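Written out below as structure tokens is the structure these notes cover.
There are 2 protein chains.
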Amino acid sequence: MTFTTEQMRFWSPEVRELEPYVPGEQPKIQNLLKLNTNENPYPPSPKVVEAVQAVLANQADALRLYPDPDATALKQAIANQQHVDIAQVFVGNGSDEVLAHIFKAFFIQKQPILYPDITYSFYPVYSQFFGIETKQIPLNDKFEINVADYQQENGGIIITNPNAPTSIALGLAEIEQVLQANPDQVVVIDEAYVDFGAESAVQLVHRYDNLVVCQTTSKSRSLAGLRVGFAIAQPHLIAALEAVKNSFNSYPIDRFAIAAAVASFEDQAYFVQQCQKVIESRELLVNDLTALGFNILPSKANFIFATHPQHDAGQLAQQLREQGIIVRYFNKPRINQFLRITIGTDEQNQRLVETLKTQTL
Amino acid sequence: MTFTTEQMRFWSPEVRELEPYVPGEQPKIQNLLKLNTNENPYPPSPKVVEAVQAVLANQADALRLYPDPDATALKQAIANQQHVDIAQVFVGNGSDEVLAHIFKAFFIQKQPILYPDITYSFYPVYSQFFGIETKQIPLNDKFEINVADYQQENGGIIITNPNAPTSIALGLAEIEQVLQANPDQVVVIDEAYVDFGAESAVQLVHRYDNLVVCQTTSKSRSLAGLRVGFAIAQPHLIAALEAVKNSFNSYPIDRFAIAAAVASFEDQAYFVQQCQKVIESRELLVNDLTALGFNILPSKANFIFATHPQHDAGQLAQQLREQGIIVRYFNKPRINQFLRITIGTDEQNQRLVETLKTQTL
Numbered sequence: 015m016t017f018t019t020e021q022m023r024f025w026s027p028e029v030r031e032l033e034p035y036v037p038g039e040q041p042k043i044q045n046l047l048k049l050n051t052n053e054n055p056y057p058p059s060p061k062v063v064e065a066v067q068a069v070l071a072n073q074a075d076a077l078r079l080y081p082d083p084d085a086t087a088l089k090q091a092i093a094n095q096q097h098v099d100i101a102q103v104f105v106g107n108g109s110d111e112v113l114a115h116i117f118k119a120f121f122i123q124k125q126p127i128l129y130p131d132i133t134y135s136f137y138p139v140y141s142q143f144f145g146i147e148t149k150q151i152p153l154n155d156k157f158e159i160n161v162a163d164y165q166q167e168n169g170g171i172i173i174t175n176p177n178a179p180t181s182i183a184l185g186l187a188e189i190e191q192v193l194q195a196n197p198d199q200v201v202v203i204d205e206a207y208v209d210f211g212a213e214s215a216v217q218l219v220h221r222y223d224n225l226v227v228c229q230t231t232s233k234s235r236s237l238a239g240l241r242v243g244f245a246i247a248q249p250h251l252i253a254a255l256e257a258v259k260n261s262f263n264s265y266p267i268d269r270f271a272i273a274a275a276v277a278s279f280e281d282q283a284y285f286v287q288q289c290q291k292v293i294e295s296r297e298l299l300v301n302d303l304t305a306l307g308f309n310i311l312p313s314k315a316n317f318i319f320a321t322h323p324q325h326d327a328g329q330l331a332q333q334l335r336e337q338g339i340i341v342r343y344f345n346k347p348r349i350n351q352f353l354r355i356t357i358g359t360d361e362q363n364q365r366l367v368e369t370l371k372t373q374t375l
Numbered sequence: 015m016t017f018t019t020e021q022m023r024f025w026s027p028e029v030r031e032l033e034p035y036v037p038g039e040q041p042k043i044q045n046l047l048k049l050n051t052n053e054n055p056y057p058p059s060p061k062v063v064e065a066v067q068a069v070l071a072n073q074a075d076a077l078r079l080y081p082d083p084d085a086t087a088l089k090q091a092i093a094n095q096q097h098v099d100i101a102q103v104f105v106g107n108g109s110d111e112v113l114a115h116i117f118k119a120f121f122i123q124k125q126p127i128l129y130p131d132i133t134y135s136f137y138p139v140y141s142q143f144f145g146i147e148t149k150q151i152p153l154n155d156k157f158e159i160n161v162a163d164y165q166q167e168n169g170g171i172i173i174t175n176p177n178a179p180t181s182i183a184l185g186l187a188e189i190e191q192v193l194q195a196n197p198d199q200v201v202v203i204d205e206a207y208v209d210f211g212a213e214s215a216v217q218l219v220h221r222y223d224n225l226v227v228c229q230t231t232s233k234s235r236s237l238a239g240l241r242v243g244f245a246i247a248q249p250h251l252i253a254a255l256e257a258v259k260n261s262f263n264s265y266p267i268d269r270f271a272i273a274a275a276v277a278s279f280e281d282q283a284y285f286v287q288q289c290q291k292v293i294e295s296r297e298l299l300v301n302d303l304t305a306l307g308f309n310i311l312p313s314k315a316n317f318i319f320a321t322h323p324q325h326d327a328g329q330l331a332q333q334l335r336e337q338g339i340i341v342r343y344f345n346k347p348r349i350n351q352f353l354r355i356t357i358g359t360d361e362q363n364q365r366l367v368e369t370l371k372t373q374t375l
């Protein structure tokens with residue numbers, strides 16, 4: 015939709031320049047195999063459903079009343095599961111909202127913030143939204159982050175680990191190098207995919223007063239439909255996030271979301287088991303696609319980043335779509351010969367492999 | 015909690031200055047009568063519970079997948095109920111988030127925005143958050159908005175109608191005066207309480223290209239626990255809100271909230287009936303409190319603003335609290351002799367009246 019200059023006079027001038035984030039599509043097609051937005055192929059813990067039913071059973075008082083603005087029960091459940099203090103936990107409406115608050119709370123500084131040239135494409139959007147200058151640091155030729163590149167003047171650093179869409183993880187020793195090289199800047203480790211085989215920096219929070227770790231329930235806890243994300247950091251950093259949140263929206267997490275997410279964090283056995291299933295399926299899929307000639311970056315995520323030396327990635331994505339399989343294709347420099355493929359169930363992955371084998375390669 | 019200068023060096027400088035909003039308290043006390051946050055005393059439509067149960071019945075695919083980022087089903091249900099086009103509807107995580115996006119989308123201008131000196135106390139907080147200059151226009155001696163005061167240079171106007179905490183409503187003719195006097199500025203009418211007897215400006219949207227109307231499901235639809243607010247305006251204004259929202263958080267409304275709110279908007283009969291009950295209870299309560307000597311501003315909201323010539327409002331609030339009844343008291347200039355009292359059920363209101371009569375007056 016385009017509007018006239020006259021109509022646009024009502025917009026705040028800076029809003030006229032915004033280039034919003036474009037999420038992966040959510041098409042409504044029968045028999046679709048949706049491997050494009052890194053959702054979990056398995057349902058959440060059965061305890062989640064029970065928790066929402068309990069809210070409903072008591073619905074009169076539950077729904078007509080505001081939720082706890084601090085979501086204390088949820089923060090406590092996260093603190094218990096992550097082995098941190100409740101004062102080290104911040105929660106928000108999905109990790110996207112948590113990240114937005116992080117950019118406002120820490121990154122409006124004189125120097126530009128640093129992040130990789132290939133990473134979560136919401137970072138430049140937040141930066142523009144808050145008027146934050148950025149410097150994008152190129153990944154090396156293997157699509158890896160070179161932590162030595164993050165030893166330069168900056169106003170803050172954000173690194174996705176494992177990185178997306180590359181799927182490659184840094185080890186904690188490398189994260190510590192970044193933290194130690196930047197003692198006066200906040201270093202954010204965005205761990206949306208950490209539960210599928212990478213090491214979490216949460217265990218470093220007590221030792222680094224400049225570290226913020228961000229996670230989500232959308233992937234490893236199968237709760238993308240619920241919108242709950244969180245950050246772990248020392249209390250002086252959490253307080254900045256609370257000041258921002260309470261200047262924007264007092265009650266971002268509704269009663270269903272609080273109850274459901276608490277139940278998820280309390281069911282550790284289910285969580286560990288489901289993550290393990292995805293990891294095992296990933297290894298099988300990597301083997302099968304490698305056998306078909308794909309080169310696949312070493313993944314610690316619930317997706318893989320794959321390229322085929324003889325086949326154009328954009329064409330492959332289009333051919334798969336014609337067979338009812340959607341993967342994510344980014345038509346951007348350096349990565350326009352790659353497909354980002356979410357790990358499905360073994361049965362779903364087999365459908366992908368068979369379709370590639372018989373229809374496209 | 016206070017932090018050292020060294021710890022505060024990590025905060026964005028502007029965030030160190032924020033003075034966040036303080037929501038009404040949500041205490042956990044047995045037998046508490048909570049008349050402090052303008053919640054509805056009645057549960058939401060039974061259809062709401064059925065809708066959430068339907069999401070649960072199909073939980074595997076419902077919760078592991080992201081919700082529709084555009085919440086199209088919800089926008090359509092609102093459009094139907096409000097008799098507008100879906101392109102005239104914006105939805106957000108409570109009207110607080112909708113208002114935050116409104117301030118960003120329209121109010122970052124060269125001239126200060128205008129709003130009453132006594133109104134929703136989140137407006138100065140949003141203004142500080144986005145660096146917006148404000149000019150507060152005093153209510154008259156009867157606590158009324160004088161629309162002639164809004165004919166001066168400005169970067170936008172926001173008026174709560176009925177106003178809070180005063181409860182007094184403007185008529186549509188007065189709203190139109192403001193709209194006509196400010197053809198180049200966005201005029202926002204925040205109608206959180208409109209369904210309890212005031213006239214909605216939604217019917218003016220097709221005639222004014224500078225009008226944004228904001229409403230919530232928290233009060234009249236008994237869904238404070240759910241976090242769904244919305245705005246109605248012409249498409250060139252909705253588009254600015256979408257640009258802001260999609261630069262901040264793609265999926266602010268979860269699957270339960272979408273399903274539950276749709277069900278609420280589809281049950282018009284229940285909605286009309288429950289609003290009428292609150293209005294009737296309000297008139298009874300006004301009579302009873304007037305008989306006890308209170309002066310009460312003329313209310314079109316689900317709360318009243320009451321002062322007693324012989325009793326200090328702060329003391330009354332404290333005495334009521336000791337009896338397990340919480341009302342809202344603002345220790346602020348001009349209104350520090352008033353109590354803001356949410357309308358409860360007739361039984362709850364009677365408990366308030368009896369407690370005042372026997373314990374405090």
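Chains as they are written, first to last, in our numbering: chain A, 15 to 375; chain B, 15 to 375.
In this text, a Cβ means the ideal position worked out from N, Cα and C, and glycines have one as well.
Just so we're clear, the structure is a prediction, and the values are computed from it rather than from any experiment.
Fill in: Distance CB(Lys233/B)-CB(Ala195/B) smaller than 8 Å
no
Worksheet item: When the Cα atoms are used, what is the spatial distance from Leu251/A to Val200/A?
Response: 9 Å
Practice prompt. Would you identify the three-state DSSP class for Val103/B, choosing helix, strand or coil?
Written response: strand
Worksheet entry | Validate contact between the region 47-57 of chain B and the region 329-343 of chain B using beta carbons, cut 8 Å, 3 pairs | yes
Item to complete: Throw me the rounded Cβ distance for the Ile132/A and Thr180/A pair, which I believe falls under 8 Å.
Response: 6 Å
Discussion item. In this structure, how does DSSP classify Gln194/A when only helix, strand and coil are distinguished?
Written reply: helix
Fill in: Where Ala245/B sits in the DSSP three-state scheme
strand
Worksheet item: Rounded C-beta distance between Ala238/B and Ala65/B? I'm assuming under 8 Å.
Response: About 17 Å separates the two Cβ atoms, so there is no contact after all.
Item to complete: Report yes or no: is there a C-beta of chain B within less than 8 Å of the C-beta of Gly239/A?
Response: yes
Worksheet item: How do the region 74-93 of chain B and the region 260-267 of chain B stand: do at least 3 beta-carbon pairs fall below 8 Å, yes or no?
Response: yes
Worksheet item: Between Ile349/A and chain B, is there a C-beta pair that is closer than 8 Å?
Response: no
Discussion item. So Phe285/B contacts chain A; which residues on that side make the cut at Cβ distance below 7 Å?
Written reply: Here the premise fails: no neighbours, minimum Cβ distance about 13 Å.
Discussion item. Quick check on Asn309/A: does DSSP put it in helix, strand or coil?
Written reply: strand
Worksheet item: So which of Thr19/A, Leu353/A, Lys314/A has the shortest CA-CA distance to Pro323/A?
Response: Leu353/A
Worksheet item: Of all the CB atoms in chain A, is at least one closer than 8 Å to the CB of Asp281/B?
Response: no
Item to complete: Pick helix, strand or coil for Val286/B, following the three-state DSSP scheme.
Response: helix
Item to complete: Check the Cβ of Lys118/B against every Cβ in chain A and list those closer than 9 Å, keeping chain order.
Response: Ser26, Glu28, Val29, Phe143
Worksheet item: Thinking C-alpha only, which one of Thr374/B, Leu375/B, Arg365/B, Thr372/B is nearest Asn45/B?
Response: Arg365/B
Discussion item. Which residue marks the beginning of the beta strand (DSSP E) containing Gln150/B, and which one marks its end?
Written reply: 148-151
Worksheet item: First and last residue of the beta strand (DSSP E) that includes Ala320/B?
Response: 317-321
Worksheet item: Where in the region 338-365 of chain B do unbroken runs of the beta strand (DSSP E), each at least 3 residues long, occur, reported from the N-terminal end onward?
Response: 339-341, 353-356
Item to complete: Could you have a look at Ile92/B and say whether DSSP puts it in helix, strand or coil?
Response: helix
Worksheet item: With respect to the alpha helix (DSSP H) encompassing Tyr137/A, which residues constitute its N-terminal and C-terminal limits?
Response: 137-144
Worksheet item: Using a beta-carbon distance below 8 Å, is Gly338/A in contact with chain B?
Response: no
Worksheet item: Given a threshold of 16 other Cβ atoms within 10 Å of its Cβ, counted over all protein chains shown, does Asn154/B qualify as buried or as exposed?
Response: exposed
Worksheet item: Using the C-alpha atoms, what's the distance from Asn363/B back to Gly38/B?
Response: 19 Å
Worksheet item: With a cut-off of 8 Å, do at least 3 Cβ pairs link the region 273-290 of chain B to the region 57-64 of chain B?
Response: yes
Worksheet item: From Pro126/A to Glu28/B, what does the alpha carbon distance come to, in whole angstroms?
Response: 16 Å
Worksheet item: Residues bridged to Thr174/B by DSSP?
Response: Asp204/B
Discussion item. Any beta carbon of chain A sitting closer than 8 Å to that of Gly108/B?
Written reply: yes
Worksheet item: Alpha carbon to alpha carbon, how far is Ile173/A from Ala245/A?
Response: 14 Å
Worksheet item: How is Tyr265/B classed by DSSP in three states: helix, strand or coil?
Response: coil
Worksheet item: If you follow the beta strand (DSSP E) that Ile127/B is part of, which residue opens it and which one closes it?
Response: 127-130
Fill in: Beta-carbon contacts of Thr148/B that lie in its chain and below 8 Å, excluding the five residues immediately before and after
Pro126, Ile127, Leu128, Tyr129, Tyr137, Pro138, Ser141
Item to complete: Return the bridge partner residues of Leu225/A from the DSSP annotation.
Response: Val201/A
Worksheet item: Can Phe121/B and Ile151/B be called in contact, C-beta distance under 8 Å?
Response: no
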